[in-house]
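Read the structure below first, then the notes.
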Amino acid sequence: MKIGPAVDSVLFSTLFGGADDDGTFVLSLHPTTDDIYVAGATRSTDLPGTSGSGVIASTYQGGASDGFIAIFSNGGALQKTTYLGTTAMDAIYGLKFDPSGFPYVTGVTLGNWPVTPGVYNNPGTKQFIVKIQPDLSATVYSTVFGSGTATYNISPVAFAVDKCENVYVAGWGGKLSPSANDPFHTSGTFGMPKKDCNVLPNGCSTDGSDFYFFVLKKNAEDILFGAFYGQKGGFGDHVDGGTSRFDANGVIYQSICAACFISNFPGTTFPTTPGVWRPRSGNPRECNLAAIKIEMDFSGVNNGIRPTIDGKPYRDYGCVPLTVDFLDTLRKGKIYMWDFGDTHQETTTTPNTSHTYTNVGTYQVRLISIDSSKCIMSDTAYTTVRVRADRAVLGATVKKQMPCTSLNYEFTNTSTAPASKPFGSGVFIWDFGDGSPQEITGPENVIHTFPAPGTYNVTLSLSDTNYCNAPDTFFMTMRVAPNVKARFTTNPEGCAPHLATFENISEAGESFQWDFGDGHTSTEFSPEHLYQNVGNYTVRLVVSDNNTCNKSDTSYQTIIVRPVPTAGFTYSPVVPQENVPVSYTNTSIGANHYLWFFGDGDTSVLANPVHQYNSSGEFNTCLVAYNQYGCPDTTCQLVSAIVSPSVDVANAFSPNGDGVNDKVYVRGYAIGKMMFKIYNRWGQLVYQSTNPNDGWDGKYKGVLQPMDAYGYTLEIEFTDGTKATKKGDITLLR
Numbered sequence: 022m023k024i025g026p027a028v029d030s031v032l033f034s035t036l037f038g039g040a041d042d043d044g045t046f047v048l049s050l051h052p053t054t055d056d057i058y059v060a061g062a063t064r065s066t067d068l069p070g071t072s073g074s075g076v077i078a079s080t081y082q083g084g085a086s087d088g089f090i091a092i093f094s095n096g097g098a099l100q101k102t103t104y105l106g107t108t109a110m111d112a113i114y115g116l117k118f119d120p121s122g123f124p125y126v127t128g129v130t131l132g133n134w135p136v137t138p139g140v141y142n143n144p145g146t147k148q149f150i151v152k153i154q155p156d157l158s159a160t161v162y163s164t165v166f167g168s169g170t171a172t173y174n175i176s177p178v179a180f181a182v183d184k185c186e187n188v189y190v191a192g193w194g195g196k197l198s199p200s201a202n203d204p205f206h207t208s209g210t211f212g213m214p215k216k217d218c219n220v221l222p223n224g225c226s227t228d229g230s231d232f233y234f235f236v237l238k239k240n241a242e243d244i245l246f247g248a249f250y251g252q253k254g255g256f257g258d259h260v261d262g263g264t265s266r267f268d269a270n271g272v273i274y275q276s277i278c279a280a281c282f283i284s285n286f287p288g289t290t291f292p293t294t295p296g297v298w299r300p301r302s303g304n305p306r307e308c309n310l311a312a313i314k315i316e317m318d319f320s321g322v323n324n325g326i327r328p329t330i331d332g333k334p335y336r337d338y339g340c341v342p343l344t345v346d347f348l349d350t351l352r353k354g355k356i357y358m359w360d361f362g363d364t365h366q367e368t369t370t371t372p373n374t375s376h377t378y379t380n381v382g383t384y385q386v387r388l389i390s391i392d393s394s395k396c397i398m399s400d401t402a403y404t405t406v407r408v409r410a411d412r413a414v415l416g417a418t419v420k421k422q423m424p425c426t427s428l429n430y431e432f433t434n435t436s437t438a439p440a441s442k443p444f445g446s447g448v449f450i451w452d453f454g455d456g457s458p459q460e461i462t463g464p465e466n467v468i469h470t471f472p473a474p475g476t477y478n479v480t481l482s483l484s485d486t487n488y489c490n491a492p493d494t495f496f497m498t499m500r501v502a503p504n505v506k507a508r509f510t511t512n513p514e515g516c517a518p519h520l521a522t523f524e525n526i527s528e529a530g531e532s533f534q535w536d537f538g539d540g541h542t543s544t545e546f547s548p549e550h551l552y553q554n555v556g557n558y559t560v561r562l563v564v565s566d567n568n569t570c571n572k573s574d575t576s577y578q579t580i581i582v583r584p585v586p587t588a589g590f591t592y593s594p595v596v597p598q599e600n601v602p603v604s605y606t607n608t609s610i611g612a613n614h615y616l617w618f619f620g621d622g623d624t625s626v627l628a629n630p631v632h633q634y635n636s637s638g639e640f641n642t643c644l645v646a647y648n649q650y651g652c653p654d655t656t657c658q659l660v661s662a663i664v665s666p667s668v669d670v671a672n673a674f675s676p677n678g679d680g681v682n683d684k685v686y687v688r689g690y691a692i693g694k695m696m697f698k699i700y701n702r703w704g705q706l707v708y709q710s711t712n713p714n715d716g717w718d719g720k721y722k723g724v725l726q727p728m729d730a731y732g733y734t735l736e737i738e739f740t741d742g743t744k745a746t747k748k749g750d751i752t753l754l755r
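What follows is the structure, given as structure tokens:
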């Protein structure tokens with residue numbers, strides 16, 4: 022369907038497909054002809070446009086599905102179609118063009134995908150990249166990448182081809198859930214090819230359920246980049262395809278469902294970069310949204326200039342002497358040649374510089390960014406800077422109108438203008454921060470009555486751009502009340518070391534004097550203070566305001582800083598033994614209740630638990646110890662386990678309510694998935710379970726079954742991927 026630019030008309034609409042299931046997953050416009058290319062997966066053997074059209078494959082290649090590519094004119098007429106696939110399942114999930122108009126596709130296969138001789142490839146793998154002639158008549162090259170597992174490693178979610186013909190793929194792989202019961206998973210990211218992976222946090226290691234980024238060099242000559250991204254352990258990082266994009270320069274913008282339920286996995290965090298808005302997840306008991314932007318830096322040099330004046334990006338004028346901060350916003354070069362337009366030039370190896378203009382004038386600034394190692398070695402950008410000499414200085418004072426109980430204030434505009442440009446009428450805007458209409462005035466004084474006691478942010482703005490610093494704003498904070506009242510809130514208790522946060526809720530106030538009771542003071546409005554030692558502390562706040570009737574007031578509160586316990590534990594065996602549970606000995610001091618995290622999703626509140634791991638590996642085991650005040654301390658250790666798959670079922674049980682052998686269970690090690698079914702002698706299913714922790718109590722629909730021999734079937738998939746089946750009899754005894 023093609024819709025008009027005003028979204029008020031359908032220019033054309035058409036159906037495409039065959040007699041069986043079809044899915045069109047991607048669409049792209051040819052860069053010169055504006056033909057419409059679509060691609061996806063099909064089970065139809067009769068797609069239109071394939072017969073006699075001189076395409077790569079005019080017939081269905083076999084298997085559960087084939088990939089396909091179809092070309093439509095910009096008016097909606099089908100031009101030709103090709104199948105693309107093997108004798109097994111194939112699907113195309115990415116379609117992009119290079120600047121010359123050659124289409125590229127990426128996708129997944131379960132077959133033996135053809136590989137062009139001499140190109141980079143990982144033999145026998147299940148993610149493919151193909152460059153195709155624009156008329157679909159032949160492949161230019163075809164290759165595969167991955168780890169060599171029987172099924173595909175990742176679900177591709179983003180695809181791009183840059184102007185240097187490098188190819189970019191992003192995808193996520195592995196399980197969503199660390200539990201065994203997860204039907205939505207690929208074979209995972211273990212073993213995927215790596216190159217320069219250390220440029221990303223934890224980019225060279227994976228827990229098998231991470232994102233993976235891959236860049237293929239022009240003509241499939243080599244791998245340019247391969248790295249992982251995601252948290253280690255816990256729920257798998259994943260994404261919907263619509264929230265992943267590469268731009269034309271190979272920069273990926275990725276929105277990720279991440280840091281899921283990390284309260285269950287202490288020590289598990291999603292990697293973030295310094296200085297970001299939210300470095301840690303907001304809700305540890307739910308999934309969180311993570312956003313990443315990664316510049317691959319393989320697409321050649323682009324540049325752009327951003328001037329910043331007085332902290333305002335893209336502002337291009339100011340007052341002499343004027344210091345301008347310049348930045349190459351794309352930062353693609355290794356050498357930067359700056360011409361500031363005032364006879365001064367500079368060459369830097371960083372994408373930013375500053376320059377001070379000392380004379381009034383208009384200057385054209387030029388930047389040439391260079392990197393001789395790139396396929397496109399340089400780019401040039403320009404901007405203009407205007408330097409003026411007509412600054413206005415903003416200021417204001419305030420005085421309360423009598424009597425002292427009133428809420429009337431006189432504001433004096435103390436702003437000054439250049440002698441040649443006096444302020445006119447209507448160039449100032451007063452905003453009193455109380456919801457009242459703004460007042461537009463000249464330089465005269467203003468009287469304002471506030472509606473009620475409170476704190477108001479008052480601004481005086483100059484709107485007249487005849488001045489080189491306009492628009493500009495002067496800020497004042499008004500704390501309005503007839504009488505000053507000292508008030509503050511804080512948590513009355515904390516655990517040492519306790520960071521106390523004080524919220525000042527005083528009425529009125531020009532100055533604030535805090536005494537934290539431990540020899541430290543502050544004059545901030547709402548300070549924070551760290552109490553290092555256990556004890557009781559009396560906090561005093563003195564608030565003064567000469568515009569009030571009582572001039573000053575004082576408030577007190579007591580803070581109690583509690584001790585914390587010391588968490589500690591040992592475990593055995595230290596050297597892991599096959600299928601032997603780990604016994605934990607709690608050595609904590611000053612604690613009375615505990616919470617254990619064993620690193621595999623299981624927890625315990627016992628003081629000295631014993632835990633059987635369900636798979637081999639290293640597990641980050643953490644103990645959180647609490648004292649009677651609820652103060653916690655946490656310690657973690659890496660614990661190794663060796664678990665070999667095995668399973669068995671008892672041949673008899675006695676559900677007589679004595680608490681001994683009342684249920685029959687599936688018992689074993691490394692059980693990932695299972696289906697346990699029990700039948701009576703007439704073949705009736707009386708019990709089934711997928712959880713080895715659930716057992717049969719001898720009842721069917723709440724009724725205890727007779728003493729007899731019952732047959733069972735057991736299908737097992739172990740955590741290492743191996744499978745087993747078992748059949749036998751269970752005798753129900755009384």
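Heads up: the sequence shown begins at 22 in my numbering, then just goes up one per residue. Built from N, CA and C at the ideal position, the CB exists for glycine as well.
**Q.** Distance, Lys-353 Cα to Asp-318 Cα
**A.** Residue numbering aside, residue 318 sits at position 297 when the sequence shown is read from its first letter. Residue numbering aside, residue 353 sits at position 332 when the sequence shown is read from its first letter. Within the model, the alpha-carbon separation for Asp-318 versus Lys-353 is close to 7 Å.
Q) beta strand (DSSP E) containing Gly-332: first to last residue? A) Counted from its first residue, the sequence shown places residue 332 at position 311. Here Gly-332 belongs to no beta strand (DSSP E), and DSSP marks it neither H nor E.
(Q) Threshold first: 3 residues or longer. Then list the beta strand (DSSP E) segments lying entirely within the region 520–574, N to C. (A) Restricted to the region 520–574, the beta strand (DSSP E) segments that are unbroken, complete and at least 3 residues in length are 532–536, 549–552 and 556–565, listed in chain order.
**Q.** Entirely enclosed beta strand (DSSP E) segments - the region 399–476, minimum 3 residues
**A.** Listed in chain order, the complete beta strand (DSSP E) runs (minimum 3 residues) inside the region 399–476 are 399–409, 417–421, 429–434, 449–452, 460–462 and 467–470.
Q | Bridge partner(s) assigned by DSSP for Leu-659 | A | Counted from its first residue, the sequence shown places residue 659 at position 638. Beta bridge pairing from DSSP links Leu-659 with Asn-641.
Q) To the nearest angstrom, how far is it from the Cα of Tyr-649 to the Cα of Leu-562? A) Locating residue 649 in the sequence shown gives position 628, counting from the first residue. Locating residue 562 in the sequence shown gives position 541, counting from the first residue. Per the sequence shown, residue 649 should be read as Gln rather than Tyr. Each residue's Cα considered, the two are about 31 Å apart.
Q: In angstroms with no decimal places, state the Cα-to-Cα distance between Asp-493 and Val-467.
A: Within the sequence shown, the letter at position 472 stands for residue 493. Within the sequence shown, the letter at position 446 stands for residue 467. Looking at the two C-alpha atoms, the distance is approximately 19 Å.
**Q.** Ala-201 versus Gly-693: straight-line alpha-carbon distance, rounded
**A.** For this step, residue 201 is matched to residue 180 along the sequence shown. For this step, residue 693 is matched to residue 672 along the sequence shown. Confidence at Ala-201 is low in this model, with a pLDDT of 49, below 50, so its placement is unreliable and the value that follows should be read with caution. If I take the Cα positions, the gap works out to 5 Å.
Q. By DSSP, does Cys-340 sit in helix, in strand, or in coil?
A. What you label residue 340 is simply residue 319 of the sequence shown in a count that begins at 1. DSSP places Cys-340 in strand when its eight states are reduced to three.
Q: Look at the Cβ atom of Ile-77, then the Cβ atom of Thr-160, and state whether they are nearer than 8 Å.
A: The residue labelled residue 77 in the question sits at position 56 within the sequence shown. The residue labelled residue 160 in the question sits at position 139 within the sequence shown. Closer than 8 Å, so yes.
**Q.** Residue range of the beta strand (DSSP E) that includes Ile-397
**A.** Numbered from its first residue, the sequence shown carries residue 397 at position 376. That residue, Ile-397, is in no beta strand (DSSP E); it is neither H nor E in DSSP.
Q.
Buried or exposed for Tyr-577, going by 16 or more other Cβ atoms inside 10 Å?
A. Indexing the sequence shown from 1 puts residue 577 at position 556. When all chains shown are included, Tyr-577 counts as exposed.
(Q) So Cys-570 and Cys-425 are supposed to be a Cβ contact under 8 Å. How far apart are they, rounded? (A) Taking the sequence shown and counting its residues from 1, the one referred to as residue 570 is at position 549. Taking the sequence shown and counting its residues from 1, the one referred to as residue 425 is at position 404. Sure, about 4 Å apart at Cβ, within 8 Å.
Q: Return the first residue and the last residue of the beta strand (DSSP E) that Tyr-58 is part of.
A: Indexing the sequence shown from 1 puts residue 58 at position 37. Here the beta strand (DSSP E) through Tyr-58 covers 57–63.
Q: Tell me, to the nearest whole angstrom, how far the beta carbon of Tyr-58 is from that of Ser-49; I am working on the premise that it is less than 8 Å.
A: Translated into the one-based positions of the sequence shown, residue 58 becomes position 37. Translated into the one-based positions of the sequence shown, residue 49 becomes position 28. The C-beta distance from Tyr-58 to Ser-49 rounds to 5 Å, short enough to fall under 8 Å.
Q) According to the neighbour-count rule (16 or more other Cβ atoms, all chains shown, within 10 Å of its Cβ), is Trp-298 buried or exposed? A) For the purposes of this step, residue 298 is taken as residue 277 along the sequence shown, with counting starting at 1. Exposed, since its Cβ has fewer than 16 Cβ neighbours within 10 Å.
Q. In angstroms, rounded to a whole number, what distance separates the CA positions of Leu-99 and Gly-70?
A. If you number the sequence shown from 1, residue 99 lands on position 78. If you number the sequence shown from 1, residue 70 lands on position 49. Each residue's Cα considered, the two are about 7 Å apart.
(Q) Output needed for Asp-346: all residues of its chain with C-beta closer than 6 Å, excluding positions within five of it in sequence on either side, in chain order. (A) Numbered from its first residue, the sequence shown carries residue 346 at position 325. Answer for Asp-346: Thr-329 and Ser-375, listed in chain order.
**Q.** Beta-carbon spacing of Thr-146, Phe-166 below 8 Å
**A.** By 1-based counting over the sequence shown, the position of residue 146 is 125. By 1-based counting over the sequence shown, the position of residue 166 is 145. In contact: Thr-146 and Phe-166 (Cβ atoms closer than 8 Å).
Q | Environment of Gly-463 [buried if 16+ CB atoms lie within 10 Å] | A | Residue 463 sits at position 442 when you count from the first residue of the sequence shown. Gly-463 comes out exposed.
Q: Can you grab the Cα-Cα spacing for the pair Gly-169 / Asp-231, in whole Å?
A: Looking up residue 169 in the sequence shown gives position 148. Looking up residue 231 in the sequence shown gives position 210. Cα to Cα, Gly-169 sits roughly 17 Å from Asp-231.
Q: Could you round the C-beta distance between Val-685 and Ala-671 to whole angstroms and report it? I think they count as a contact, below 8 Å.
A: Position 664 of the sequence shown, counted from the first residue, corresponds to residue 685. Position 650 of the sequence shown, counted from the first residue, corresponds to residue 671. About 5 Å; that satisfies the 8 Å criterion.
Q: Leaving aside the five residues before and after Gly-224 along the sequence, list all residues of the same chain whose C-beta is less than 6 Å from its C-beta, in chain order.
A: Taking the sequence shown and counting its residues from 1, one reaches residue 224 at position 203. Spatial neighbours of Gly-224 in its own chain (CB-CB distance under 6 Å, excluding positions within 5 residues in sequence) are listed in chain order as Cys-218, Ala-248 and Phe-249.
Q.
Whole angstroms are fine: how far does the CA of Val-47 sit from the CA of Ile-24?
A. Counted from its first residue, the sequence shown places residue 24 at position 3. Counted from its first residue, the sequence shown places residue 47 at position 26. The alpha-carbon atoms of Ile-24 and Val-47 are separated by roughly 17 Å.
**Q.** Nearest-angstrom Cα separation, counted from Thr-45 out to Pro-155
**A.** Mapped onto the sequence shown, residue 155 falls at position 134. Mapped onto the sequence shown, residue 45 falls at position 24. For Pro-155 and Thr-45, the distance between alpha carbons rounds to 19 Å.
Q) Secondary structure at Ala-191, three-state DSSP: helix, strand or coil? A) Counting from 1 along the sequence shown, the entry for residue 191 is found at position 170. Here Ala-191 sits in strand by DSSP.
Q | Three-way DSSP call (helix, strand, coil) for Gly-96 in this model | A | For this step, residue 96 is matched to residue 75 along the sequence shown. Gly-96 falls in the coil class under three-state DSSP.
Q: For Phe-618, I'd like the list of residues in its chain whose CB is within less than 6 Å of its CB, leaving aside the five on either flank, ordered along the chain.
A: Taking the sequence shown and counting its residues from 1, the one referred to as residue 618 is at position 597. Same-chain partners within the cutoff: Pro-287, Thr-624 and Cys-643.
(Q) Using the Cβ count rule (16 or more neighbours within 10 Å means buried), how would you classify Ser-30? (A) For the purposes of this step, residue 30 is taken as the residue at position 9 of the sequence shown. So Ser-30 counts as exposed.
Q: Take Ala-502 as the anchor and find which of Thr-437, Lys-314 and Pro-472 has the nearest alpha-carbon.
A: As a first step, residue 502 must be located in the sequence shown, where it is residue number 481. Measuring from the Cα of Ala-502, the nearest candidate turns out to be Pro-472.
**Q.** Local Cβ density within 10 Å of Pro-144, reported as buried at 16 or more and exposed below that
**A.** Residue 144 sits at position 123 when you count from the first residue of the sequence shown. Around the C-beta of Pro-144, fewer than 16 other C-beta atoms lie within 10 Å, and the residue is accordingly described as exposed.
Q. Does the Cβ-Cβ distance between Leu-753 and Gln-726 come in under 8 Å?
A. Along the sequence shown, read from residue 1 onward, the residue named residue 753 stands at position 732. Along the sequence shown, read from residue 1 onward, the residue named residue 726 stands at position 705. The Cβ atoms of Leu-753 and Gln-726 lie closer than 8 Å to each other.
Q: Look up Met-696 in the DSSP assignment and give the residues it is bridged to.
A: Mapped onto the sequence shown, residue 696 falls at position 675. Met-696 pairs with Glu-736.
Q: Give the single residue among Thr-377, Thr-579 and Pro-474 whose Cα lies nearest to the Cα of Pro-513.
A: Taking the first residue of the sequence shown as position 1, residue 513 is located at position 492. Here the closest residue by C-alpha is Thr-579.
Q.
Taking only three categories from DSSP, how would you classify Cys-516?
A. Translated into the one-based positions of the sequence shown, residue 516 becomes position 495. In the structure shown, Cys-516 adopts extended strand secondary structure according to DSSP, grouped into three states.
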